[in-house]
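Visitor: In my numbering, the protein residues as written are 6 to 93.
Think of the CB as a built atom: it goes at the ideal place given N, C-alpha and C, for glycine as much as any other residue.
1) Is the CB-CB distance between residue 54 and residue 28 below 8 Å?
2) On the DSSP bridge assignment, give the partners of residue 35 in chain order.
3) Helix, strand or coil for residue 47? Go by DSSP, reduced to three states.
4) CB-CB under 6 Å to residue 69, same chain, minus the five flanking residues each way: which ones, in chain order?
5) Going by C-alpha distance, which of 8, 13, 50, 31 is nearest residue 72?
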């Protein structure tokens, strides 16, 4: 059967989404003949902006590796369990 996936492989698979989704750019308000752009084009741009404007792009392999490096550094500096770190 299949071998289990490593954590690195899981992270890559989960973040492997197409990252080319961007809002549709607004075209000219009128064409070369002075005719106004159709309203359906404006609606498409507004819907595209609504869906994709605040989209967070998936991390790259380099960003994942850097994040794991920082996580390892943080784990090395964590105090042992049971120590109170706040004033409460």
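Guide: Judging by the given coordinates:
1) yes
2) 41.
3) helix
4) 16
5) Selected option, being the one with the closest Cα: 13.
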